[in-house]
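Every letter in the sequence shown is one number past the one before it in this note's numbering, and letter 9, counting from 1, is 32.
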Amino acid sequence: MEWPNNYSFLVFFFLFAPLLCLAERSTYIVHLDKSLMPKIFATHHHWHSSTIESIKIITPASLNSHHPAPKLLYSYDNVFHGFSAVLSQNELEALKKSPGFVSAHKDVPIELHTTHTPEFLKLNPSSGLWPASNFGQDVIIGLVDTGIWPESPSFRDDGMPEIPKRWKGICREGTDFNSSLCNRKIIGVNYFYKGAVAENTHVNLTTFSARDSWGHGTHIASIAAGNYVQGVSYFGYGKGTAKGVAPRARLAIYKVSWRELGSITSSDMIAGMDQAVADGVDIISMSSGSAHVPLYRDDIAIGAFGAMMKGILVTGSAGNRGPDFGTLVNGAPWIMTVGSASTDRTFAGTLTLGNGQKIRGWSLFPLRAIIKDTTLAYNKTASSCNSTELLSDAYAPFIQVIVCDGPEDFSSDLAIGFSFQMNSVTDTRFLAAIYISSDPRTLTSKSFHSPGVVIGRKEGKQVKDYIRKTEHPTVTIHFQETYEDVITPTPKLAYSSGRGPARSYVGISKPDIIAPGVSVVGAWPPEVDAIRVGTSMFLGSDYNIESGSSMASPHVSGIAAMLKSVHPDWSPSAIKSAIMTTANPLDNTQKRITVATTNEPTTPYGIGPGLIDPNRALDPGLIYDATPQDYVNLLCSMNFTEDEFKTIARSATNHHNCSNASDDLNYPSFTALYEFDRDGNNYPLLVKKFTRTVTNVGSGAARYKALVEVPKNTSISVSPQVLTFGKKYEKKSYTLTIRYRGEGHESYVFNYGSITWVEQNGKHTVRSPISVSPIILPWGEF
24 MEWPNNYSFL
34 VFFFLFAPLL
44 CLAERSTYIV
54 HLDKSLMPKI
64 FATHHHWHSS
74 TIESIKIITP
84 ASLNSHHPAP
94 KLLYSYDNVF
104 HGFSAVLSQN
114 ELEALKKSPG
124 FVSAHKDVPI
134 ELHTTHTPEF
144 LKLNPSSGLW
154 PASNFGQDVI
164 IGLVDTGIWP
174 ESPSFRDDGM
184 PEIPKRWKGI
194 CREGTDFNSS
204 LCNRKIIGVN
214 YFYKGAVAEN
224 THVNLTTFSA
234 RDSWGHGTHI
244 ASIAAGNYVQ
254 GVSYFGYGKG
264 TAKGVAPRAR
274 LAIYKVSWRE
284 LGSITSSDMI
294 AGMDQAVADG
304 VDIISMSSGS
314 AHVPLYRDDI
324 AIGAFGAMMK
334 GILVTGSAGN
344 RGPDFGTLVN
354 GAPWIMTVGS
364 ASTDRTFAGT
374 LTLGNGQKIR
384 GWSLFPLRAI
394 IKDTTLAYNK
404 TASSCNSTEL
414 LSDAYAPFIQ
424 VIVCDGPEDF
434 SSDLAIGFSF
444 QMNSVTDTRF
454 LAAIYISSDP
464 RTLTSKSFHS
474 PGVVIGRKEG
484 KQVKDYIRKT
494 EHPTVTIHFQ
504 ETYEDVITPT
514 PKLAYSSGRG
524 PARSYVGISK
534 PDIIAPGVSV
544 VGAWPPEVDA
554 IRVGTSMFLG
564 SDYNIESGSS
574 MASPHVSGIA
584 AMLKSVHPDW
594 SPSAIKSAIM
604 TTANPLDNTQ
614 KRITVATTNE
624 PTTPYGIGPG
634 LIDPNRALDP
644 GLIYDATPQD
654 YVNLLCSMNF
664 TEDEFKTIAR
674 SATNHHNCSN
684 ASDDLNYPSF
694 TALYEFDRDG
704 NNYPLLVKKF
714 TRTVTNVGSG
724 AARYKALVEV
734 PKNTSISVSP
744 QVLTFGKKYE
754 KKSYTLTIRY
764 RGEGHESYVF
774 NYGSITWVEQ
784 NGKHTVRSPI
794 SVSPIILPWG
804 EF
């Protein structure tokens, strides 16, 4: 083999260089300039292998047959170009003289990921949406919330370039917040309070700035776009590296919620959204919303409509009023409505009984308590643990850990019941408690004021049997444990996540997507209480664990921002379509996602099309796009009065083209509403026809075939059943007709199915949920 001149020099150098002492070997990450790859090599992997082989031949280490040879571990060609290898210091020095060498760094141990949700969503630094979007760099996410704690390490601007020149916002100074606290990550802040002050004239607002005194805004900002922070945990739980979904995106903060005032007003919220649009944000993220009001009175929906008309996608949390139907908020057709789901990670405390049996349970007790071979008891009289008097009677100096029974049925006060139990145990002299509960809300609770572990009923029976059969039962408890990839099935729809349809408009199934929202770690103001221990001790933390659809929404904001970075010409509807049609309705057992409380299969009114899949959304194949005029056509069909229409559209109908008024919006889901006969007679036949237009955003010519999952008591026809595209960006239309007749004894039956366009000889599948639902819904009027 004839070596290039560079390699000849390398051989010459090492054959005649003095022998050096052999050094300890380490793993190095090596960055190379691929443009300098010698043409003799067919692939980058051949180049990397040859480089290692040349070093193996010419370094002094090779003279010692007992010395380990350099070893190539991985070749990289996506996030960067280079490889990882096990090298001595001598070999590394040789490598530095090779063609295309840029840099080399010692490999470092990577801890468990604290903000684990990016890994759960399969975001990968070497392929997919992260590298394609450069991790969201230069996309601007506007967060309308409680402000921010700018000193948090999650908001450092390490490694970020200069602020985009298109940014028009300011860093508004205020109480304990000067302009130097903004940087290349937090590129602007503003705050709005006049509405709240007007509503709370008896309260003296003393802090006028974007500083977060509540914690909520800081938490969601770090979820959406927090920078990388190593060594993070919540009191020892989830140790690792924290990061947001789009760690290189920019943050623009609009504070509209004030802890002192205890409320958010629509006027302040709209002011924040309005300023965000003026400043030039790409995405607006909201984790709050109006109560159930008609669209023309929903100021948040109206503000979102204006943002959409200017090309800005608005994401909004579905709320936490589930599990009943019709509890969802932020359900306007033009908002990306996000429900909450669990992940595969759990925080734990482990019981070791005196007989050696180990039982893992849920715990977030924040201190490193020492409970070793401690006496254990179950007192049937005091087993509810909701009475300090009964617990005091059950206490004895030789009993340190008490077992508590949870309620037998799932009632609305279960979570409150656990809180009462915890308070009662804390108020008595027991060292710790074991709580038996199968309620999922308890299994995500942070209310550990004293040492405690929550276990299920099956495990609870095992503990009770051990106590009953043992003369001197004991237990050892370890806290601050974190486990990943251990929950099956997952995800599950959160019990509290708001369910559709939206009362303000039932013609479109909501939510649009679900995302991680259970036990999510995020940044937190250290001066805001994170947890109470004992009766009166409050602990602060730089990072906190929170649950709710508020945590789910910024996940989608970050993903939408990265999609906008890769596809700057995509409209809000196109981004929404890409996210919806690539979502996954199945859990990790390949069965339909279930509800956390009941384990029953979910409907589109709970999960929409399913769990967001960011890497598939990057390349959806087909998109359902909708223009601002399409949304105006929808408004024109809603039988609004002139004033109601003008409230949303900002001008009268005669200033808009309503000649094509239609409730058949080009949306990536289908909802057919049937009439419900309250007298139990047969339902009239429902026939609903939809027309949809899809745009081919694949690489070129493609052919798709329709695959339909038909809801119960329904027939569905699709025409045409095959869509053939000759080139990229070509559009094709099809019709989908639903025929449904229910049975008289049914009551509020929600049937669901789907249509999936499957690319023939290709990789894309484009799925839309189908809902067949009663038109008379079980909540009455507004």
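Heads up, the beta-carbon is just placed ideally off N, CA and C, and yes, glycines get one too.
With a threshold of 16 other beta carbon atoms within 10 Å, Phe561 falls short and is exposed. When secondary structure is reduced to three states using DSSP, Trp780 falls in the strand class. Taking C-alpha positions only, Leu399 is separated from Pro420 by approximately 11 angstroms. Between the C-alpha atoms of Asp416 and Pro474 there is a straight-line separation of about 20 angstroms. Residues of the same chain with a CB within less than 6 angstroms of the CB of Leu144, apart from the 5 flanking positions on each side, are Pro637 in chain order.
The continuous beta strand (DSSP E) containing Thr264 extends over residues 260-265. Excluding residues up to 5 positions away in sequence, Pro93, Leu95, Ala108 lie with their Cβ nearer than 7 angstroms to the Cβ of Ile75 in the same chain. Counting only runs of 3+ residues, the beta strand (DSSP E) found wholly inside the segment 487-517 occupies 497-506, in chain order. Per DSSP, reduced to three states, the secondary structure at Pro624 is strand. Per DSSP, the beta bridge partners of Tyr757 are Arg715.
Rounded to the nearest angstrom, the gap between the Cα atoms of Glu569 and Ala127 is 39 angstroms. Thr375: member of the beta strand (DSSP E) spanning 369-376, first to last residue. Positions of the alpha helix (DSSP H) runs, each at least 4 residues long and wholly inside the segment 190-225, are given as 217-222 in order along the chain.
With a threshold of 16 other beta carbon atoms within 10 Å, Gln444 meets it and is buried. In this structure, the alpha-carbon of Gly633 lies about 21 angstroms from that of Gly267. In the three-state scheme derived from DSSP, where H, G and I count as helix and E and B as strand, Thr449 is classed as helix. A distance below 7 angstroms separates the beta carbons of Leu387 and Phe471.
According to the DSSP assignment, Lys669 belongs to the alpha helix (DSSP H) that extends over 665-672. Put simply, the backbone Cα of Ile602 is about 46 angstroms away from that of Thr499. In the DSSP annotation of this structure, the continuous segment of the alpha helix (DSSP H) that includes Tyr654 starts and ends at 651-659. Within the DSSP secondary-structure output, Glu569 pairs in a beta bridge with Val543. In the structure shown, the three-state DSSP call for Ile630 is helix.
By the neighbour-count criterion, in which 16 or more other beta carbons inside 10 Å mark a residue as buried, Gln298 falls on the buried side. Within the segment 291-336, the complete alpha helix (DSSP H) segments of 4 residues or longer fall at 322-332, listed in chain order. Distance from the CA of Ile616 to the CA of Ser777, rounded to the nearest whole angstrom, comes to 15 angstroms.
In this structure, Ile537 sits away from Ala269, with a CB-CB distance that is not shorter than 7 angstroms.
Contact between the segment 607-624 and the segment 566-581 is not established, with fewer than three Cβ pairs separated by less than 8 angstroms. With a cut-off of 8 angstroms on Cβ pairs, the segment 680-695 is not in contact with the segment 340-354, counting fewer than three such pairs. Inter-segment contact for the segment 522-530 and the segment 227-236 is absent: fewer than three beta-carbon pairs are separated by less than 8 angstroms. Within the DSSP bridge table, the entry for Pro792 names Ser777 as partners. CA-to-CA, the gap between Tyr528 and Ala275 works out to about 30 angstroms.
Taking C-beta separations shorter than 8 angstroms and ignoring five residues to either side along the sequence, the partners of Gly151 in its chain run Lys145, Pro637, Asn638, Leu641, following chain order. Note on geometry: alpha-carbon atoms of Pro627 and Ser796 lie some 11 angstroms from one another. With contacts defined as CB atoms closer than 7 angstroms, Ile293 and Gly326 qualify as a contacting pair.
Rounded to the nearest whole angstrom, the CA to CA distance from Thr493 to Gly429 is 23 angstroms. The three-state secondary structure of Phe471, taken from DSSP, is coil.
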